[in-house]
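In what follows, a structure is listed as C-alpha cells, so that the remarks can point back to it.
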Amino acid sequence: MSFVKESVSQKPIVDTVFTIVKKAKEDKAKSGEDVVVDATIGSLYDEEGKLVALDSVFSSLKNLDNRVLAAYAASFTGNEDFKDRVYQWVLDGNSHLHHEIIATPGGTGAVAMTIQECLEAGQTVILPEIAWGSYNLMAQMNNLQIATYALFEEDHFNIESFKHTCQMVMAQQNKLVVVINDPCHNPTGYSLNKEEWNEVIAFLNECSQTHAVVLLNDIAYIDYAYGQKQAKEYFSVFDQISDNIVVIVAFSLSKSMTSYGLRCGAAIIMGQREEAVQELKIVFEKDARATWSNINNGAMATFVDVMDHHLKAYDQERLHYVALLKERSDIFVKEAKEVGLKHYPYKEGFFVTLSMDNETRDKYHEALMENHIYTVKVNLGIRVAVCSLSVDKIKGLAKKMKEILDTVES
2 MSFVKESVSQ
12 KPIVDTVFTI
22 VKKAKEDKAK
32 SGEDVVVDAT
42 IGSLYDEEGK
52 LVALDSVFSS
62 LKNLDNRVLA
72 AYAASFTGNE
82 DFKDRVYQWV
92 LDGNSHLHHE
102 IIATPGGTGA
112 VAMTIQECLE
122 AGQTVILPEI
132 AWGSYNLMAQ
142 MNNLQIATYA
152 LFEEDHFNIE
162 SFKHTCQMVM
172 AQQNKLVVVI
182 NDPCHNPTGY
192 SLNKEEWNEV
202 IAFLNECSQT
212 HAVVLLNDIA
222 YIDYAYGQKQ
232 AKEYFSVFDQ
242 ISDNIVVIVA
252 FSLSKSMTSY
262 GLRCGAAIIM
272 GQREEAVQEL
282 KIVFEKDARA
292 TWSNINNGAM
302 ATFVDVMDHH
312 LKAYDQERLH
322 YVALLKERSD
332 IFVKEAKEVG
342 LKHYPYKEGF
352 FVTLSMDNET
362 RDKYHEALME
372 NHIYTVKVNL
382 GIRVAVCSLS
392 VDKIKGLAKK
402 MKEILDTVES
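Its first residue numbered 2, the sequence shown is counted upward by one per residue in this note's numbering.
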C-alpha cells in the first residue's frame, strides 16, 4: 500500500552537492582552512572565503519599511513595477517580441513551471547532456522522458547533435520543449556566440513548420558574463522566431543580486503572436497560484529600488566581482592548459568542468577528496567552482589536480 501516486519515482534523491559540501566542512574543521580546497559551492565568495552579499542590494532591502517586507505582493504573478524592471534589465532593448512576465521563486520556478506545464506525462523534454541536475529531477517528477544532446563538437556548440535529438523527438510527439542554459552554462562555463544562436533559431524555425516549439533559455548566470551588455545581444536573434515558437527566459535574482535565499526570479514569455504568449501566461498564472501563491514582496521591492536608485553602485560592486571571477578562471584555465588537464570549452561563468568518462570521474572524485580537494560530480566530468575559490587557492590547483588524475589513470 503506497501513500503517494503510483506514477512518481520513490527512488531517494542523490544529493551530489550538499553531501560533499558537508564533507568539505568536516575536513576544514579537522585539517584546517589552509589545507582544504572547497570547490563545491555554486555561490560567489570573496577573497577571504566569505559569501558575497552585495551591499547595494542588502542596504536597499534593510531600508525598506517593515510592512513592505511583510506584505503580500500586489498579484500572484508579481508586482507590476518589478515585472517592468525585469524586462528592461534582462532584455536591455535587444528584443521587440510580444511578452508577458510571471514572477517566480528563483529562476528554478520559471524552469519548473515550463517543464511541468508544456508537456503531457510520457512526452519527452530535450536537455543538454551535461547540465544542472535539477532539470532531470523536474522531468522525472512530472513523468516526462528525457532526450539529451551532446553539448560540444571539439571547442564549439554541437549543432548537429542538437538537430539530431530534436528530429528524433519530433518523430515521437507533436511538440518540442528544448532547454538551453546560456550564457555561462552550468557547469561548463560555455556561452554560445551569436552565429551559433542564429543556427539554433533557424533550425527551430524549420521544426516549427510541423511542430509547436518551446525554447526555454535558462540565463541564471548572465549578469556575471564577461561581455556584460554584449552578452545580452543574442536576444535580438529571438526576434527571428516563427509564429509557432515561444521563448521562455528564466531569470534569477538569486545569482544577479547575490540573494540566493530570498528566492525570486521571473519567467519572461516571448513570441511573435500575442495569442501564443497569452496562452502560456494564463496557464503559468494558474500554476503560480496553485503552487506558491505569492512571491517574496521584499525581494521584488529591493530589485525595483536598486534599479531605480542604486544602479550605479550595484553595477560598480557587481563588476568588481565579475573581474575577480575572470581573474580566477583565467588562472585556472591557463594552468590547466600548461599541465594538460582537459576541460570542456570554457568562456565565462562560475564553473569549469573537467572532461572524462563517468568511471574515471568516480575514482578521481574519491582521490581528490583524499587529497583535501572537494569538487562536484556531473555527467561526464568534475565541476570546479572557481566562483568560490580565492586567487591563492586557485594558483597551482590545476597542476595538483593533474598529478592526482595521473595516479588514477595509471
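For glycine and all other residues, C-beta sits at the position ideal for the given N, C-alpha and C.
A quick note: this is a predicted structure, and the numbers were derived from the prediction, not measured.
Item	Value
Asp363 to Val9, Cα distance in whole Å?	28 Å
Should Thr20 be labelled buried (16 or more other beta-carbon atoms within 10 Å of its own) or exposed?	exposed
Using a Cβ-Cβ cutoff of less than 6 Å, which residues in the same chain neighbour His99 once the five nearest sequence positions on both sides are dropped?	Gly272, Glu275 and Val278
Measuring only the C-alpha atoms, how far is Ile202 from Val214?	11 Å
Identify the residues that DSSP records as bridge partners of Leu217: which are they?	Val180 and Ile249
Tell me whether the beta-carbon of Ala267 lies closer than 8 Å to the beta-carbon of Phe252.	yes
Are Lys394 and Val38 closer than 8 Å when you measure CB to CB?	yes
Please name the residue or residues paired with Met308 in a DSSP beta bridge.	None; Met308 has no bridge partner.
Straight-line CA distance for Ile220 to Met2?	42 Å
Using a threshold of 8 Å, state whether the C-beta atoms of Leu138 and Val180 are closer than that.	no
Counting only the same chain and skipping the five closest in sequence on each side, list residues whose C-beta sits under 8 Å from that of Tyr375.	Ile21, Val22, Lys24, Ala25, Asp28, Val37, Val38, Asp39, Ala40, Thr41 and Leu369
My assumption, with CB atoms under 8 Å, is that Lys400 sits in contact with Val340. Please give the rounded CB distance.	5 Å
Give me the Cβ distance between Ile270 and Ile249, rounded to the nearest whole Å; I'm assuming they're in contact under 8 Å.	6 Å
Going by the beta-carbon positions, is the gap between Arg409 and Phe333 smaller than 8 Å?	The sequence as given places Val at residue 409; Arg does not occur at that position. Cβ atoms of Val409 and Phe333: not closer than 8 Å.
Less than 7 Å between C-beta atoms, sequence neighbours within five positions excluded: which residues of the same chain meet that for Cys57?	Note that residue 57 is Ser in the sequence shown, not Cys. Excluding sequence neighbours, Ser57 sits near Val307, His311, Ala314, Tyr315 and Glu318.
For Ser294, which three-state DSSP category applies?	coil
Would you call Tyr88 buried or exposed, if buried means 16 or more other Cβ atoms sit within 10 Å of its Cβ?	buried
So, does the CB of Gly94 fall closer than 8 Å to a CB anywhere in chain B?	Of the protein chains in the structure, only one exists, and it is not chain B.
Measure the alpha-carbon distance for Thr149 versus Lys63 and round it to whole angstroms.	44 Å
Taking the C-alpha atoms as reference points, what is the distance between Glu130 and Leu65?	43 Å
How would you call Leu320, buried or exposed, if buried means at least 16 neighbouring beta carbons within 10 angstroms?	exposed
Note the first and the last residue of the continuous beta strand (DSSP E) segment covering Met370.	Looking at the DSSP string, Met370 is not in any beta strand (DSSP E); the run it does join, the alpha helix (DSSP H), is Asn359 to Glu371.
Between Glu328 and Val385, is the Cβ-Cβ spacing less than 8 Å?	no
Taking the alpha helix (DSSP H) that Ala203 falls in, what are its first and last residues?	Lys195 to Cys208
Give me the DSSP bridge partner(s) of His100.	Met271
What three-state label does DSSP hand Gly266 in the structure shown?	strand
Consult DSSP for Gly382 and reduce its assignment to one of helix, strand or coil.	strand
Which ranges would you report for the alpha helix (DSSP H) in the stretch 318 to 342 if only whole runs of at least 4 residues count?	none
Is it buried or exposed for Ile296, if we count other Cβ within 10 angstroms and need 16 for buried?	buried
What would DSSP say about Thr41, mapped onto helix, strand or coil?	coil
Taking the beta carbon of Gln11 as the centre, do at least 16 other beta carbons fall within 10 Å, making it buried, or is it exposed?	exposed
Answer with buried or exposed for Phe4, where buried requires no fewer than 16 other C-beta atoms within 10 angstroms of its C-beta.	exposed
Which runs of the beta strand (DSSP E) at least 3 residues long sit entirely within the stretch 105 to 179? Give them in chain order.	125 to 129 and 146 to 150
Does the stretch 73 to 92 come within contact of the stretch 108 to 120, defined as at least 3 CB pairs closer than 8 Å?	no
For the candidate residues Lys343, Ile103 and Gln146, whose alpha-carbon lies nearest to that of Val284?	Ile103
Would you identify the three-state DSSP class for Thr189, choosing helix, strand or coil?	coil
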